[in-house]
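Novice: My questions all concern the structure below.
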Amino acid sequence: MTDAHARAKRLAELAGLTLRDGEVEALGRDLERILGYVGTLAEVDTAGVAPLASPNEDAALLRDDTPERTTSAERVLASGPLTRDGAFVVPNVLE
Numbered sequence: 000m001t002d003a004h005a006r007a008k009r010l011a012e013l014a015g016l017t018l019r020d021g022e023v024e025a026l027g028r029d030l031e032r033i034l035g036y037v038g039t040l041a042e043v044d045t046a047g048v049a050p051l052a053s054p055n056e057d058a059a060l061l062r063d064d065t066p067e068r069t070t071s072a073e074r075v076l077a078s079g080p081l082t083r084d085g086a087f088v089v090p091n092v093l094e
């Protein structure tokens, strides 16, 4: 078993995935390429480069926080097909 194969198999276990052998091999190859690229990035000389705190260095573009009228709860509930006791009735999704 190659190092890449072992890494891929362990990653699949941690992620709760069941992979066929061919998929494990493909994942192992992909991981090796990714780790190789990360290694290349680690070798880049970044001395003198200021850290980037955010890709958008401008001030946040937010609207003013002003009070305004909102839709009433009754009107919102009226838009649903079935309500009870001030809430929407939906099918169970958990047993």
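Oh and the sequence shown: position 86 is 85 in numbering that gives the first Met the number 0, straight run, nothing missing.
For every residue, glycine included, the Cβ atom is placed at its ideal position computed from N, Cα and C.
Answer yes or no: do M3 and G27 have a C-beta to C-beta separation smaller than 7 Å?
Specialist: Indexing the sequence shown from 1 puts residue 3 at position 4. Indexing the sequence shown from 1 puts residue 27 at position 28. Looking at the sequence itself, residue 3 is Ala, so the reference to Met does not match. Cβ atoms of A3 and G27: closer than 7 Å.
Novice: Going by CA-CA distance only, name the one from D20, A7, P50, G15 that's closest to I33.
Specialist: To locate residue 33, count along the sequence shown from 1; it is residue 34. The candidate whose alpha carbon is nearest that of I33 is A7.
Novice: Can you check the segment 8-55 for any alpha helix (DSSP H) of at least 4 residues that lies completely inside it and give the ranges in chain order?
Specialist: 20-41
Novice: Which residues mark the beginning and the end of the alpha helix (DSSP H) in which V89 is found?
Specialist: Position 90 of the sequence shown holds residue 89. It is not in any alpha helix (DSSP H) - V89 carries neither H nor E in the DSSP assignment.
Novice: Quick one: give me the first and last residue of the alpha helix (DSSP H) that L95 is part of.
Specialist: Absent from the structure is residue 95, since the part of the chain shown begins at 0 and ends at 94.
Novice: Using CA coordinates, which residue listed in A86, R68, P54, A49 is at the minimum distance from L76?
Specialist: Position 77 of the sequence shown holds residue 76. Selection A86, R68, P54, A49 evaluated against L76 yields A86 as nearest (Cα-Cα).
Novice: With DSSP collapsed to three states, give me the class of R83.
Specialist: Counting from 1 along the sequence shown, the entry for residue 83 is found at position 84. Looking at R83 - three-state DSSP - the assignment turns out to be strand.
Novice: Report the rounded CA-to-CA distance for T65 versus N55, giving the unit in angstroms.
Specialist: To locate residue 65, count along the sequence shown from 1; it is residue 66. To locate residue 55, count along the sequence shown from 1; it is residue 56. The alpha-carbon of T65 is positioned some 25 Å away from that of N55.
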